[in-house]
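Novice: Questions regarding the structure given below will be posed in turn.
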Amino acid sequence: MIEFKVLKNSQKSQARLGLLKTDHGLVKTPSLVPVATQACVKTLDSQEIEKTKSQILISNTFHLFLKPGDELAGDIHEFMNWSRPLMTDSGGFQVFSLGFGKDFNFGKVSSEKLSIIEKSNQPKSIKITDKGVWFFSPLDGKKFFMGPEESIRIQENLGADIIFAFDECTPPRATKEYIKKSLERTHEWAKICLKVKKSDQALFGIVQGSCYPNLRKKSASFINSLEFDGFGIGGDLGEKKSITKNILKNTIPYLDPSKPRHLLGIGKLDDMENIIKGGVDLFDCTVPTHYARTGTAFVNKGKLDLKKTKFLKDKKPLDKSCSCYVCQNYKRNYLCHLTRAKEITGLKLLSFHNLYFFNTFVERIREKIENNLI
RNA sequence: GGGUAGGUGGCGGAGCAGUCAAACGCAUCAGACUGUAAAUCUGACGCCUUCGGGCUACGGGGGUGCAAAUCCCUCCCUACCCA
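Read in order, the letters of the first sequence correspond to residues 321 to 694 in this note's numbering.
Take a look at the structure:
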């Protein structure tokens, strides 16, 4: 069960302030949702995550199903000792990342066009059918099936406050024909998800349609017509900000404004204001934590590549205006050393800082909305 | 003093006559990363280049041979064993 209240609508944009109430506490929106794929925000424990100002996490159905198994994990709040709000993604992203994403070795925001889809209409490593998807486990190669029913059943076992409908995250710049067909499938699956869900968890339906305005409108209207508790906006969201903006323009107006909207998997710093102004309440993104593990720290002036030797002589904090634990206690030279020495602590400190920095960044955007600045 | 095994690019370490500027790993440098197959991946890594190629290289020196990191001689060095 969730309750969502819109506290303020911006006069200047679609941005809004909201309060999401779950059985595990409140979330002030707009909010970043840090990614805890395997019931863990990599390198950080639950107490540390709280200290990064994170309000809500998203974990992953597909990965937890494979390891340790949803039965063994049980209630994920308890399992990972996270008593605050939590979502689970449905496994729909893995239809992309282990499918076309793997075939072509690129991400969902790639600018490359998938012309090969026109020929085969099917990724090499998985099989997408109208009923669901046959996967090969990336862990042991074992073949297994996941469709809307399976995803919901697993998500019910995991017990997150918010769960997502099983969808196909479509590959970037696929042909309109492919997207159209995929959209129909995702819509069918959406209905099944609603039908089979027995728990009182909030279920979000996912809008697809790639970069095609009429398909986005169609999808948004359709998903909105069903009894979902909120919305996910997924798929290829455009490699350019103008495209993302356009996609939101063709999606948000067709969704019930009283329900929360979650943009799936987007949230670089320079995307944030853009997507929030487009009407997004929640968004998850691996960037703060993933980039941290490859040695990148985000700061007011952009980002720092802590692998570079020049930082060995730099005794400034990562960002002098950041009040996080890392910036208060450590200098760039040490963080550079840890990164270059591949010390686990380095990954942890950068992950902590990046999440805190991102969350603070969103906090400021909330203040801007409050003060009628955006 | 005697014996044995060795000396290869920044390091470790393959190769033991031609397809070797020399596998592979590490280090270094550059780049990528947006619902995490992600503490990952890609590329460069002797010197020069009009990007076709050219030059210098496998401890030093000298041979054999069309051709040597690879065979022979010699010197130097290292490790271990015996005195």
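Positions of the beta carbon are idealized from the N, C-alpha and C atoms, including for glycine.
This one's a predicted model, so the numbers in the text were calculated from it and none came from an experiment.
Taking one C-beta from the stretch 557-566 and one from the stretch 655-675 each time, how about it: are there three or more such pairs within less than 8 Å?
Specialist: no
Novice: Which residue marks the beginning of the beta strand (DSSP E) containing glycine 552, and which one marks its end?
Specialist: 550-553
Novice: Mark methionine 407 as exposed unless 16 or more other C-beta atoms lie within 10 angstroms of its C-beta, in which case mark it buried.
Specialist: buried
Novice: Using a Cβ-Cβ cut-off of 6 Å (strictly less than) and excluding sequence neighbours within five positions of isoleucine 596, which residues of its own chain qualify?
Specialist: Ala335, Pro350 and Ile685
Novice: Could you tell me the distance, in whole angstroms, from the CA atom of valine 722 to the CA atom of lysine 636?
Specialist: It is not possible to answer for residue 722, since the shown part of the chain is limited to 321 through 694.
Novice: Tell me whether cysteine 605 sits in a helix, a strand or coil according to DSSP, three-state version.
Specialist: strand
Novice: Do you know offhand how far proline 458's Cα is from leucine 327's?
Specialist: 43 Å
Novice: Alpha carbon to alpha carbon, how far is glutamine 358 from histidine 344? Give it in angstroms, no decimals.
Specialist: Going from the Cα of histidine 344 to the Cα of glutamine 358 covers about 20 Å.
Novice: Figure out for me which residue from Glu508, Pro533 and Leu418 has the closest Cα to the Cα of serine 562.
Specialist: Pro533
Novice: Pick out whichever of Ile483, Thr609 and Leu638 has its Cα sitting closest to the Cα of isoleucine 526.
Specialist: Ile483
Novice: Considering only the alpha carbon of each residue, which of Thr506, Ile694, Asp625 and Tyr574 lies closest to glutamate 593?
Specialist: Ile694
Novice: With 16 as the cutoff for other CB atoms within 10 Å, does methionine 321 come out buried or exposed?
Specialist: Residue environment analysis places methionine 321 among the exposed positions, since fewer than 16 neighbouring C-beta atoms fall within 10 angstroms of its C-beta.
Novice: Give the DSSP-derived three-state secondary structure of histidine 582 in the structure shown.
Specialist: strand
Novice: Please specify which runs of the beta strand (DSSP E), each continuous and at least 3 residues long, are wholly inside the stretch 609-678, giving them in chain order.
Specialist: Listed in chain order, the complete beta strand (DSSP E) runs (minimum 3 residues) inside the stretch 609-678 are 616-619 and 622-625.
Novice: Identify the continuous alpha helix (DSSP H) that holds isoleucine 446 and give its terminal residues.
Specialist: Segment: none, isoleucine 446 is in no alpha helix (DSSP H) and carries neither H nor E.
Novice: Counting C-beta neighbours from all protein chains within 10 Å, is the total for lysine 428 16 or more, i.e. buried, or is it exposed?
Specialist: With a 10 Å radius around the Cβ and a threshold of 16 neighbouring Cβ atoms, lysine 428 comes out buried.
Novice: Does glycine 525 come out as helix, strand or coil in the three-state DSSP assignment?
Specialist: strand
Novice: Return the residue from the list Leu575, Glu469, Gly587 and Phe677 that minimises the CA-CA distance to phenylalanine 548.
Specialist: Leu575
Novice: May I have the straight-line CA-CA distance separating alanine 522 from phenylalanine 455, to the nearest angstrom?
Specialist: 26 Å
Novice: For asparagine 329, which three-state DSSP category applies?
Specialist: strand
Novice: Residues bridged to threonine 342 by DSSP?
Specialist: Ile322 and Gly345
Novice: Across the stretch 390-398 and the stretch 492-503, are there enough close Cβ pairs to call them in contact, namely three or more that are closer than 8 Å?
Specialist: no
Novice: Assuming tyrosine 650 contacts leucine 667 (C-beta within less than 8 Å), just tell me the rounded distance between them.
Specialist: Not really, about 13 Å apart at Cβ, beyond 8 Å.
Novice: Going by the beta-carbon positions, is the gap between phenylalanine 420 and proline 443 smaller than 7 Å?
Specialist: yes
Novice: Assuming contact is defined by CB atoms lying nearer than 7 Å, are threonine 372 and leucine 675 in contact in what I supplied?
Specialist: yes
Novice: Once you ignore the five residues that flank lysine 518 on each side, which residues in its own chain have a CB closer than 8 Å to its CB?
Specialist: Glu476
Novice: Could you compute how far the alpha carbon of asparagine 570 sits from the alpha carbon of threonine 342?
Specialist: 29 Å
Novice: Inspect the beta-carbon positions of glycine 550 and proline 580 and report whether they are closer than 7 Å.
Specialist: yes
Novice: Taking 8 Å as the cut-off, does the stretch 465-481 touch the stretch 443-452 (at least 3 CB pairs, one atom from each stretch)?
Specialist: Cβ pair count under 8 Å is three or more, so yes.
Novice: If you follow the alpha helix (DSSP H) that serine 471 is part of, which residue opens it and which one closes it?
Specialist: 468-478
Novice: Between the C-alpha atoms of leucine 478 and aspartate 390, what's the straight-line distance to the nearest angstrom?
Specialist: 6 Å
Novice: Looking at the unbroken alpha helix (DSSP H) that takes in serine 545, where does it start and where does it end?
Specialist: 533-545
Novice: Report the option in Lys633, Thr680, Ile664 and Ser445 whose CA atom is closest to the CA atom of serine 643.
Specialist: Thr680
Novice: Can you tell me which residues form a DSSP beta bridge with valine 353?
Specialist: Asp604
Novice: Would you call the CB atoms of threonine 695 and valine 353 closer than 7 Å?
Specialist: Beyond the ends of the chain as shown, which are 321 and 694, falls residue 695; an answer cannot be given.
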